[in-house]
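A.B. asks: One structure is given below, represented as structure tokens, and several questions about it will come after.
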Amino acid sequence: MAFTRAEAYAPASVANLGVGFDILGMALEGMGDRAIIEFHDSPKIVIADIKGDGGKLPRDPAENVASVSARALLDHIGDKRGLTIKLIKGLPLASGLGSSAASSVVAAVALNKLLGEPFSRPNLLPFCLEGEALVSGYHADNVAPSLLGGIVLVAGITVDAIQSLPIPADLHLALVTPAVQVPTNGARAILPDKVSLRQMIHQTGAVAQLVDAIHRGDLEALGAAMENDQVVEPARAHLMPMLAEARIAAKRAGAIALFIGGAGPTLCALCDRKTVAESVSVAMKSVYDAVGMPCDSLSTRVDRRGALITEAS
Ligand code: HSE
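Start counting the sequence shown at 179; every next residue gets the next number (the working numbering).
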């Protein structure tokens, strides 16, 4: 069946999971971006509307991640048609919730539907990556979970380097996003160029423990591994307001561990029950309330579905 209009949804994601810089990410329930794509008569891609970005995202199709992702897909198959894209941002920008990845994914998924789904979901990865790369370089640790759902190991940026991991049954999350923007490019620029052999051994050991803990569903071991980062969190901690205080408050309220969501400033607490995640979310919010810094907090779970077509006609 041929469609002329497709609407899709792509979930938020948190990258790194602490120690797994650029190689681990998980999709999150309850938050995401939407896009509506239609073919039109002109051969151009047009960003017809963006809602929810406060006017901050570029409307120039050469500079918007959604249109760049769509363009990469059309160019790959040699399709010269033009499109209109409407983007509905559910995710805050530069927040560590995979906003640019979700916009890149949602455009590729909606366009794939319009084209009669020539690509399987994983095979849309290269096009989504072109969008993401526009703002933060080639790393797939937000794009892959937003596209596929779940917890994803991303050992490279090609489809064959992506492995979905099991989702521990009791895994719950509490998130807090303070109202400051941390652009990913800047947060990457401050990272060390080199690490010592001793640090390399430490980090690879911690990542191995993390993946092992996920396979065993051992949340205590998972939390310990997540927080065992000697390279990225120490370099970025100063960009995250109230990081130490939020970690203490989260643990007092029952969280197992707390890690920075991607490049931040979202902080993500690992919990083993819904009621605990709800209390931790309130406790983390109170840390920012106490210093008069606006923030959003919530409890959530891992999104298992990834990007979806929500309507096609
Ligand atoms: N792995 C990336 C980083 C994720 O931490 O820079 C950006 O969201």
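Even for Gly, the Cβ is constructed at its ideal location relative to N, Cα and C.
(1) Where the beta carbon is closer than 7 Å to any heavy atom of the ligand HSE, which residues qualify, in chain order?
(2) Using CA atoms only, rank isn't needed, just tell me which of GLY327, GLY294, LEU292 is closest to ALA303.
(3) So, do the stretch 390 to 404 and the stretch 414 to 427 have three or more beta carbon pairs nearer to each other than 8 Å?
(4) Exposed or buried, what is GLY301 when buried is set at 16 or more other beta-carbons lying within 10 Å of its beta-carbon?
(5) To the nearest angstrom, how far is it from the Cα of LEU351 to the Cα of ASP481?
(6) Which value, in whole angstroms, describes the spacing of the CA atoms of GLN387 and GLY484?
(7) Does the contact criterion of 3 or more C-beta pairs under 8 Å hold for the stretch 436 to 449 versus the stretch 267 to 278?
(8) By Cβ distance below 8 Å, which residues in the same chain neighbour ILE368 in space, the five residues on each side in sequence not counted?
(9) Measuring only the C-alpha atoms, how far is MET404 from LEU436?
(10) Comparing C-alpha positions only, which one of PRO472, PRO236, ILE225 sits nearest to VAL358?
(11) For LYS264 and GLY383, I'd like the C-alpha separation in whole angstroms.
(12) From GLY256 to ILE223, what distance separates their C-alpha atoms?
(13) From this set, GLY198, PRO189, GLU216, which residue's C-alpha is nearest LEU206's C-alpha?
(14) How about VAL313 and TYR466: do their beta carbons lie closer than 8 Å?
(15) In the DSSP assignment, find the unbroken beta strand (DSSP E) run with SER342 in it and report its ends.
(16) Grab me the residues of ASP200's own chain with a C-beta within less than 6 Å of its C-beta, minus the 5 sequence neighbours each way, in chain order.
(17) Spatial neighbours of PHE181 within its chain, please: C-beta separation below 7 Å, excluding the five flanking residues on both sides.
(18) One question on the structure: do LEU349 and LEU331 come within less than 8 Å of each other, judged by their Cβ atoms?
(19) How long is the line joining the alpha carbons of ILE340 and LEU307, rounded to whole angstroms?
(20) What residue ranges within the stretch 354 to 410 form continuous alpha helix (DSSP H) runs of no fewer than 4 residues, ordered along the chain?
(21) Starting from the Cα of THR453, find the closest Cα among ALA431, MET462, GLY439 and give me that residue.
(22) Measuring CA to CA, which of ILE438, ILE434, ALA428 is closest to SER464?
(23) Run through the stretch 222 to 248 for me and flag every whole beta strand (DSSP E) of 3 or more residues, listed as ranges in chain order.
(24) Tell me which same chain residues have a C-beta within less than 6 Å of the C-beta of PRO356, skipping the five on either side of it?
(25) Can you tell which of ASP450, LEU400, GLY198 has the C-alpha that lies nearest to the C-alpha of GLY334?
(26) Looking at C-alpha atoms only, which residue of PRO221, ILE214, LYS267 is the closest neighbour of GLY233?
(27) Just mark GLN377 as buried or exposed, buried being the case when its beta carbon has 16 or more other beta carbons within 10 Å.
(28) According to DSSP, what are the bridge partners of ALA188?
(29) GLU295 lies in the beta strand (DSSP E); which residues open and close that run?
(30) Provide the residue span of the beta strand (DSSP E) that contains LEU476, from first to last.
(31) Determine the contact status of ILE214 and LEU261, defining contact as a CB-CB distance below 8 Å.
(32) Can you give me the Cβ contacts of GLY230 inside the same chain, cut-off strictly under 7 Å, excluding the 5 residues immediately before and after it?
C.D. replies: According to the structure shown:
(1) ALA193, ASN194, PHE199, ASP200, GLY274, GLY276, SER314, HIS317, ASP319, ASN320, THR362, ALA365, ARG366, VAL410, GLY440, ALA441
(2) Translated into positions along the sequence shown, residue 303 becomes position 125. Note on identity: in this sequence residue 303 is Leu, with Ala being the wrong assignment. Nearest option by C-alpha distance: GLY327.
(3) no
(4) Along the sequence shown, read from residue 1 onward, the residue named residue 301 stands at position 123. It is Asn, not Gly, that sits at residue 301 in the sequence shown. So ASN301 counts as exposed.
(5) Here residue 351 refers to the residue found at position 173 when the sequence shown is read from its first residue. Here residue 481 refers to the residue found at position 303 when the sequence shown is read from its first residue. Spanning the two alpha carbons is a distance of roughly 11 Å.
(6) For the purposes of this step, residue 387 is taken as residue 209 along the sequence shown, with counting starting at 1. For the purposes of this step, residue 484 is taken as residue 306 along the sequence shown, with counting starting at 1. In a straight line, the C-alpha of GLN387 is about 26 Å away from that of GLY484.
(7) yes
(8) One-based indexing of the sequence shown puts residue 368 at position 190. Within the same chain, ILE368 has close Cβ partners ALA413, ARG414, LEU417.
(9) Here residue 404 refers to the residue found at position 226 of the sequence shown. Here residue 436 refers to the residue found at position 258 of the sequence shown. So the alpha carbons of these two residues sit roughly 8 Å apart.
(10) Here residue 358 is taken as the residue at index 180 of the sequence shown, counted from 1. For the residues PRO472, PRO236, ILE225, the minimum Cα distance to VAL358 belongs to PRO472.
(11) Here residue 264 corresponds to residue number 86 of the sequence shown, with the count starting at 1. Here residue 383 corresponds to residue number 205 of the sequence shown, with the count starting at 1. Taking the straight line from one Cα to the other gives about 44 Å.
(12) Residue 256 sits at position 78 when you count from the first residue of the sequence shown. Residue 223 sits at position 45 when you count from the first residue of the sequence shown. Those two C-alpha atoms are separated by around 14 Å.
(13) Locating residue 206 in the sequence shown gives position 28, where the first residue counts as 1. It is PRO189.
(14) Taking the sequence shown and counting its residues from 1, the one referred to as residue 313 is at position 135. Taking the sequence shown and counting its residues from 1, the one referred to as residue 466 is at position 288. Going by C-beta atoms, VAL313 is not nearer than 8 Å to TYR466.
(15) Here the question's residue 342 lines up with position 164 in the sequence shown. From DSSP, the beta strand (DSSP E) with SER342 extends over 340 to 343.
(16) The residue labelled residue 200 in the question sits at position 22 within the sequence shown. Correct list, in chain order: HIS317, ASP319.
(17) Here residue 181 refers to the residue found at position 3 when the sequence shown is read from its first residue. Hits under 7 Å: LYS291, LEU292, ALA490, SER491.
(18) Against the sequence shown, residue 349 aligns to sequence position 171. Against the sequence shown, residue 331 aligns to sequence position 153. No, the pair does not count as a contact, with Cβ atoms beyond the cut-off.
(19) Here the question's residue 340 lines up with position 162 in the sequence shown. Here the question's residue 307 lines up with position 129 in the sequence shown. ILE340 and LEU307: Cα-Cα distance of roughly 13 Å.
(20) 362 to 367, 375 to 394, 397 to 404
(21) By one-based count along the sequence shown, residue 453 stands at place 275. Closest option to THR453, Cα to Cα, is ALA431.
(22) Counting from 1 along the sequence shown, the entry for residue 464 is found at position 286. The residue with the shortest Cα to Cα distance from SER464 is ALA428.
(23) 223 to 229
(24) Start at 1 with the first residue of the sequence shown, and residue 356 comes out as number 178. Only PRO419, PRO443, TYR466, MET471, CYS473 meet the Cβ criterion.
(25) If you number the sequence shown from 1, residue 334 lands on position 156. Among ASP450, LEU400, GLY198, the Cα nearest to that of GLY334 belongs to GLY198.
(26) Translated into positions along the sequence shown, residue 233 becomes position 55. Here the closest residue by C-alpha is LYS267.
(27) Along the sequence shown, one-based indexing puts residue 377 at 199. Exposed is the call here.
(28) Within the sequence shown, numbered from 1, the residue matching residue 188 stands at position 10. Note: ALA188 sits in a beta bridge opposite ASP211.
(29) As a first step, residue 295 must be located in the sequence shown, where it is residue number 117. Run containing GLU295: none; DSSP gives neither H nor E here.
(30) Position 298 of the sequence shown, counted from the start, is the residue given in the question as residue 476. Run containing LEU476: 473 to 478, per the beta strand (DSSP E) assignment.
(31) Residue 214 sits at position 36 when you count from the first residue of the sequence shown. Residue 261 sits at position 83 when you count from the first residue of the sequence shown. No, the pair does not count as a contact, with Cβ atoms beyond the cut-off.
(32) Counting from one through the sequence shown, the residue named residue 230 turns up at place 52. Answer for GLY230: ILE266, LYS267, GLY268, listed in chain order.
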